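Peer 1: What follows is a structure written as structure tokens; I'll ask about it next.
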DNA sequence: TAAAACTACACCAAGTCAATAGAGATTTGA
DNA sequence: TCAAATCTCTATTGACTTGGTGTAGTTTTA
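In structure tokens, the structure reads:
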């Protein structure tokens, strides 16, 4: 049920791009440093996201990456699907990555029925949440004072 | 975000045991045949579930497996955690399999905050749903007539 | 024209996954 | 007692995935 490191890096990198929404482009090195992601690995990931149409790039010394659309129009679901594939716990309940499973009658498979609910719930959450929400949340977390528990010795 | 085949087999196998709740034990071969699971692979899985205290076994020619507790007291979460590990998309939001992640300040990590909500939602669903519910659902699906869409040529 | 950035593709080590193998230990019925 | 059917335990295997490097470019601008 886990996100891969690749998926996590992708989300973190895109959060950075969303935060620098004003700038023309953000150089890859900036993202790598800010999020502590191996530069060459990040390269691969961003390259993939460009092929997927999520980001745009500019080459040369003033080059870098930026979001291809406003952050508010890029749901986390889109990113995860491009990098890690299905959101569903079983591929037989996935919409975008459906694969027939081994049970004789999908329509009457209890496990499938349960996992479909899980998929629908997770997918709804991930579709609703966009990169803009991620930035907004980062800001409100930054503003918020330390949790009381953190003051305990 | 996927369940492994191992996890799927475990859930299917335990559903069978829950369905045969009256019987003393169910031989492994019966489960393997009923759910089309490779016998030797199932062996490993059930062995693990026994070590985890989920099932009990009996050896010899009249041997087999049965649930160690009533089906209504075995949530799907327990099984998945034993077989596949964390339910959380990031290990830094896992309760049972927590691992520190690379970000500098967990308390203010936006991604972590979002993924924590996903984890809590999924965990709640999986905790609430037990093997007894799975059996019940299987019965209601068996009773239900074909979906209208299935009649379309 | 050199530096800094992106592009493209190949490669690799380590680990995981799904499954199989083999040699037992138990239990019961004949 | 013995044979058959079952669980027990540990190893191993082959394919694939994951996370990450390497090398050799191309593009752009100071």
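Protein chains in written order, with the numbering used here: chain A, 197 to 349; chain B, 197 to 349. Backbone N, C-alpha and C fix where the C-beta goes; we use that ideal spot for every residue, glycine too. These numbers come from a predicted model, not from an experiment.
Any contact between the segment 219 to 233 of chain B and the segment 202 to 209 of chain B? By contact I mean 3 or more CB pairs, one from each, below 8 angstroms.
Peer 2: Yes, the segment 219 to 233 of chain B touches the segment 202 to 209 of chain B.
Peer 1: Under a three-way DSSP split, which group does residue 192 of chain B fall into?
Peer 2: Nothing can be reported for residue 192 of chain B: it is not among the residues displayed for chain B, which extend from 197 to 349.
Peer 1: Go to residue 318 of chain A, then tell me how far its alpha helix (DSSP H) extends in each direction, as first and last residue.
Peer 2: If you number the first chain from 1, residue 318 of chain A lands on position 122. 306 to 324 is the extent of the alpha helix (DSSP H) around residue 318 of chain A.
Peer 1: Taking only beta-carbon atoms, is residue 198 of chain B less than 8 angstroms away from chain A?
Peer 2: Looking up residue 198 of chain B in the second chain gives position 2. Chain A, which has a Cβ nearer than 8 angstroms to the Cβ of residue 198 of chain B, makes this yes.
Peer 1: Tell me whether residue 268 of chain A sits in a helix, a strand or coil according to DSSP, three-state version.
Peer 2: As a working mapping, residue 268 of chain A is identified with position 72 in the first chain. Residue state, collapsed to three classes: helix.
Peer 1: Starting from the beta carbon of residue 221 of chain B, find every residue of chain A whose beta carbon is closer than 9 angstroms, and list them in chain order.
Peer 2: Position 25 of the second chain holds residue 221 of chain B. Ordered by position in chain A, no residue passes the 9 angstroms Cβ test against residue 221 of chain B, which lies about 22 angstroms from the chain.
Peer 1: Evaluate contact between the segment 251 to 259 of chain A and the segment 215 to 230 of chain A, counting only Cβ atoms and requiring at least three cross-stretch pairs below 8 angstroms.
Peer 2: Taking 8 angstroms as the limit for Cβ pairs, the verdict is that the segment 215 to 230 of chain A does touch the segment 251 to 259 of chain A.
Peer 1: Rounded C-beta distance between residue 338 of chain B and residue 304 of chain A? I'm assuming under 8 angstroms.
Peer 2: As a working mapping, residue 338 of chain B is identified with position 142 in the second chain. As a working mapping, residue 304 of chain A is identified with position 108 in the first chain. Between residue 304 of chain A and residue 338 of chain B the Cβ distance is about 6 angstroms, and since that is below 8 angstroms, they are a contact.
Peer 1: May I ask which residues mark the beginning and end of the alpha helix (DSSP H) holding residue 201 of chain B?
Peer 2: Translated into positions along the second chain, residue 201 of chain B becomes position 5. Start and end: 201 to 215.
Peer 1: Find out if the Cβ-Cβ distance for the pair residue 263 of chain A, residue 330 of chain A is shorter than 8 angstroms.
Peer 2: Walking along the first chain from the start, residue 263 of chain A turns up at place 67. Walking along the first chain from the start, residue 330 of chain A turns up at place 134. Not closer than 8 angstroms, so no.
Peer 1: Taking Cβ to Cβ, would you say residue 274 of chain A is nearer than 8 angstroms to residue 317 of chain B?
Peer 2: Working through the first chain from its first residue, we reach residue 274 of chain A at position 78. Working through the second chain from its first residue, we reach residue 317 of chain B at position 121. No, the pair does not count as a contact, with Cβ atoms beyond the cut-off.
Peer 1: Is the segment 233 to 249 of chain A touching the segment 289 to 298 of chain A, taking contact as three or more C-beta pairs under 8 angstroms?
Peer 2: No: fewer than three Cβ pairs fall under 8 angstroms.
Peer 1: Out of A:277, A:270, A:215 and A:269, point me to the one whose CA is closest to residue 350 of chain A's CA.
Peer 2: Residue numbering for chain A in the displayed model covers 197 to 349; residue 350 of chain A lies beyond these limits and cannot be assessed.
Peer 1: Going by DSSP, name the residue or residues bridged to residue 253 of chain A.
Peer 2: Locating residue 253 of chain A in the first chain gives position 57, counting from the first residue. In DSSP, residue 253 of chain A forms a bridge with A:261.
Peer 1: Check distances from the C-beta atoms of the segment 258 to 286 of chain B to those of chain A and list, in chain order, the residues that come in under 9 angstroms.
Peer 2: Listed by position along the chain: 272, 276, 280, 281, 282, 283, 284, 285 and 286.
Peer 1: Identify the contact partners of residue 211 of chain B in chain A, using a Cβ-Cβ distance below 8 angstroms as the criterion.
Peer 2: Taking the first residue of the second chain as position 1, residue 211 of chain B is located at position 15. Correct list: 306 and 307.
Peer 1: Counting only C-beta atoms, is residue 202 of chain A closer than 8 angstroms to chain B at any point?
Peer 2: Working through the first chain from its first residue, we reach residue 202 of chain A at position 6. It does not: the Cβ of residue 202 of chain A has no partner Cβ on chain B nearer than 8 angstroms.
Peer 1: Within 10 angstroms of its Cβ, does residue 326 of chain A collect 16 or more other Cβ (buried), or is it exposed?
Peer 2: Translated into the one-based positions of the first chain, residue 326 of chain A becomes position 130. With 16 or more other Cβ atoms within 10 Å, it is buried.
Peer 1: Terminal residues of the continuous alpha helix (DSSP H) containing residue 301 of chain B?
Peer 2: What you label residue 301 of chain B is simply residue 105 of the second chain in a count that begins at 1. That residue, residue 301 of chain B, is in no alpha helix (DSSP H); it is neither H nor E in DSSP.
Peer 1: With DSSP as the reference, please indicate the residues paired to residue 222 of chain B in a beta bridge.
Peer 2: Numbered from its first residue, the second chain carries residue 222 of chain B at position 26. Answer by DSSP bridge pairing, in chain order: B:261.
Peer 1: Going along the chain, which residues of the segment 228 to 250 of chain A sit with their C-beta nearer than 9 angstroms to a C-beta in chain B?
Peer 2: Residues 231, 232 and 233.
Peer 1: Any residues in the segment 317 to 338 of chain A with a beta carbon nearer than 7 angstroms to a beta carbon of chain B? Which ones, in chain order?
Peer 2: Listed in sequence order: 317, 318, 321, 325, 330, 333, 334, 337 and 338.
Peer 1: Using a Cβ cut-off of 9 angstroms, pull out every chain B residue sitting near residue 289 of chain A, in sequence order please.
Peer 2: Sequence index remark: in the first chain, residue 289 of chain A carries index 93 (1-based). The premise fails here: residue 289 of chain A is roughly 10 angstroms from chain B at the closest Cβ pair, so nothing lies under 9 angstroms.
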